[in-house]
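Numbering (the working numbering), first residue to last: 37 to 200.
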């Protein structure tokens with residue numbers, strides 16, 4: 037298992053990974069909703085890579101992408117010290133420590149970049165994600181009531197933060 041920064045050349049494999057992870061039903065995109073082209077993904081990756089306080093790390097096994105963690109930093113002076121986190125691991129690799137290793141790599145990067153606050157959200161019913169985030173030192177900061185509509189029903193999320 038290799039954890040490394042994403043490269044623009046990963047765009048196609050990364051899109052495939054994101055589409056597979058979207059099938060879980062726990063991500064922002066519904067299964068099949070993501071319509072990003074490889075060219076669009078390449079441009080997005082170029083922008084992320086160029087930003088001082090944003091990154092994506094991918095986990096690679098046998099030359100295949102099996103997970104990722106993205107940190108998207110604030111764009112104005114008052115929020116540049118923080119980043120919003122998005123995590124995804126392919127279904128066959130969940131529960132095997134991939135997410136924990138991705139978080140550890142991200143925490144080291146964030147400290148190098150002098151970020152002091154990380155934040156993320158999780159659907160309240162996603163107990164595996166909630167437990168993972170707590171294990172990694174995130175604290176529930178509050179609720180987002182009816183922040184998502186899933187299968188026609190309003191769903192609440194937890195807001196988490198971690199001070200570095």
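Ideal Cβ placement from N, Cα and C applies to all residues, glycine included.
Nearest candidate by alpha-carbon position, reference residue i, set the options
i, options, result
"residue 67", "88, 58 and 123", "58"
"residue 157", "136, 167 and 150", "167"
"residue 47", "79, 173 and 97", "79"
"residue 39", "173, 131, 91 and 184", "91"
"residue 45", "55, 85, 169 and 172", "85"
"residue 150", "128, 118 and 161", "118"
"residue 128", "107, 148, 97 and 139", "97"
"residue 180", "55, 65 and 161", "161"
"residue 139", "56, 99, 95 and 176", "95"
"residue 65", "74, 53 and 176", "53"
Status (buried if at least 16 other CB within 10 Å, exposed otherwise) for residue i
i, result
"residue 152", "exposed"
"residue 178", "exposed"
"residue 134", "buried"
"residue 184", "exposed"
"residue 131", "exposed"
"residue 107", "buried"
"residue 165", "buried"
Check whether residue i and residue j have beta carbons under 8 Å apart
i, j, result
"residue 89", "residue 109", "yes"
"residue 93", "residue 42", "yes"
"residue 37", "residue 137", "yes"
"residue 77", "residue 51", "yes"
"residue 192", "residue 199", "no"
Anticipated Cβ contact below 8 Å, residue i with residue j, distance rounded
i, j, result
"residue 197", "residue 154", "7 Å"
- Item | Inter-stretch contact (C-beta, 8 Å, three-pair minimum) for the segment 104–117 and the segment 70–77 | no
- Answer yes if the segment 100–107 comes into contact with the segment 115–128, meaning at least three C-beta pairs across the two stretches below 8 Å, and no otherwise. yes
- Check whether the segment 183–190 touches the segment 130–145, taking contact to mean three or more Cβ pairs, one atom from each stretch, closer than 8 Å. no
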